[in-house]
Ligand code: TYD
Ligand code: MG
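Structural data, given as structure tokens:
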């Protein structure tokens, strides 16, 4: 027996009839018809222990649960120690960002039994990539297959010998229980739940690669993110070498950690000292650039902020931000206009974070403000000063938690001066770096104009 359903390909919303515009996410032309075959087998999407009564928490054992420590130090940090056995991880990112490279190198640099299922590339193509990365693991199996039942059957037949399974990508996998096209919402949902069931029953970890839509969402149903234990996002700009791995959901650890990688000829290399690479080689004192100290994912690093403030050529002034939140830039510009008295409303403003990474930490605010003032007033900022502070709506420079780590990092890199908030009273450090404290924008401007 089959049933007709309509699904939004953008957000996964299910409706009994067709709409031109999705009632949930308001996307046009995203609703498609999918036929669902009713199967006689009872499909179990959740986890069932087959016990009749619940167990007392003190009697639940977790001896079987182990953390598989991978060879990738950054990945271990982001995952909170390693891959938990029996867990399901989803790695999402834009095409060409390096998802397949990241996971293939994880499989190749290991010494465990690993299965790499690819529905996107043929084994020969994977071999070419593997040769670039370097093959260390003699137990990495490549399987070009797209049927979730065949994958599960193969794993059961091989006596669950795999420590973990990589699936590249979930959008190419289909289930024989469903007649809808590959990549459709119900296919993704069904094949993911079949793989999930195998992962939990056999205590094998599964890492899925997921595509994202042009809006940056994980393609397919939201339920995919609910089903898996960990959601990782791999981001960066393809034209730049640096990539950031962030965790958006982690049932086994915190989501505040980030990993930074550099894409090289022979794969992705973890960047252990981000400050030195995120700043361009700066010798000259230039106007429009400032070094900001950011705290992301338990790491403090210094980045170069570049701003260009120039009179608008066309009617409406343009504002663009690369690597920084545009809304936050608008807010900082409004503060500069209202509290600092700078006339910026008729200027085109371009902001860029060097290195092509995205930084969202508010401690960047001060560096951004300084680069804007520097470009607008043509003030050269000496290359041995860095800035760290959050800017509030009243133009006040707000204190940062863990200011010591910013000061230590700036000193370690060789900066002579760091500008922070006057409200950071508890500085216990015995550092040689000169600390300048400012309480608001006007005070900061007075300091800058004396440089
Ligand atoms: P890939 O892993 O195929 O991206 P995704 O799976 O996210 O679509 O990575 C693609 C890019 O990475 C490609 O443009 C080439 C580059 N690359 C390197 O620079 N060095 C390497 O060693 C490898 C394997 C890829
Ligand atoms: Mg790929």
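Numbering (the working numbering), first residue to last: 330 to 780. Backbone N, C-alpha and C define an ideal beta-carbon position, used for all residues, glycine too.
For residue i, the residue or residues it bridges with in DSSP
i           : result
residue 750 : 767
residue 339 : BP columns for residue 339 are empty, so no partner.
residue 677 : 639
residue 400 : The partner list for residue 400 (beta bridge, DSSP) is empty, contrary to what the question assumes.
residue 503 : 476
residue 619 : 634
residue 445 : 471 and 495
residue 333 : 364
residue 786 : The structure shown has nothing for residue 786, since the chain only spans 330 to 780.
Assumed close pair residue i, residue j - CB separation to whole angstroms, cut-off 8 Å
i           : j           : result
residue 562 : residue 577 : 6 Å
residue 519 : residue 504 : 4 Å
residue 625 : residue 560 : Actually they do not touch by this definition, with Cβ atoms about 18 Å apart.
residue 623 : residue 630 : 6 Å
residue 579 : residue 533 : Actually they do not touch by this definition, with Cβ atoms about 19 Å apart.
residue 475 : residue 448 : 4 Å
residue 695 : residue 717 : 6 Å
residue 719 : residue 700 : Not really, about 16 Å apart at Cβ, beyond 8 Å.
residue 527 : residue 481 : 5 Å
residue 363 : residue 509 : 4 Å
residue 496 : residue 468 : Rounded, the Cβ-Cβ distance is 18 Å, inconsistent with contact.
residue 439 : residue 399 : 7 Å
residue 655 : residue 662 : Not quite, the Cβ-Cβ distance comes to about 10 Å (not below 8 Å), so this is no contact.
residue 724 : residue 769 : 5 Å
residue 645 : residue 633 : So it is not a contact: roughly 28 Å between Cβ atoms.
residue 739 : residue 747 : 5 Å
residue 484 : residue 531 : 7 Å
residue 539 : residue 421 : 4 Å
residue 681 : residue 651 : 4 Å
Cβ-heavy atom distance, residue i to ligand 1, below 7 Å
i           : result
residue 572 : no
residue 594 : yes
residue 462 : yes
residue 458 : yes
residue 685 : no
heavy atom of ligand 2 below 7 Å from residue i C-beta
i           : result
residue 567 : no
residue 497 : yes
residue 428 : yes
residue 725 : no
residue 423 : no
residue 474 : no
residue 449 : yes
Which of helix, strand or coil DSSP assigns to residue i
i           : result
residue 472 : strand
residue 493 : strand
residue 389 : coil
residue 776 : helix
residue 761 : coil
residue 513 : coil
residue 538 : strand
residue 346 : coil
residue 423 : coil
residue 628 : strand
residue 486 : helix
residue 407 : helix
residue 429 : helix
residue 412 : strand
residue 369 : At residue 369, the pLDDT of 47 sits below 50, so the modelled position is not reliable and the matter cannot be decided from this model.
Cβ of residue i within 8 Å of any chain B Cβ
i           : result
residue 355 : Protein chains in the displayed structure number just one, and chain B is not present.
Self-check item: beta strand (DSSP E) runs contained entirely in the region 540–605, provided each spans 3 or more residues
Solution: 559–565, 571–579, 587–593 and 596–599
Quiz item: Can you list, in chain order, the stretches of the alpha helix (DSSP H) that have 4 or more residues and sit fully within the region 646–733?
Solution: Counting whole runs of 4 or more residues, the region 646–733 contains the alpha helix (DSSP H) stretches 655–667 and 694–706.
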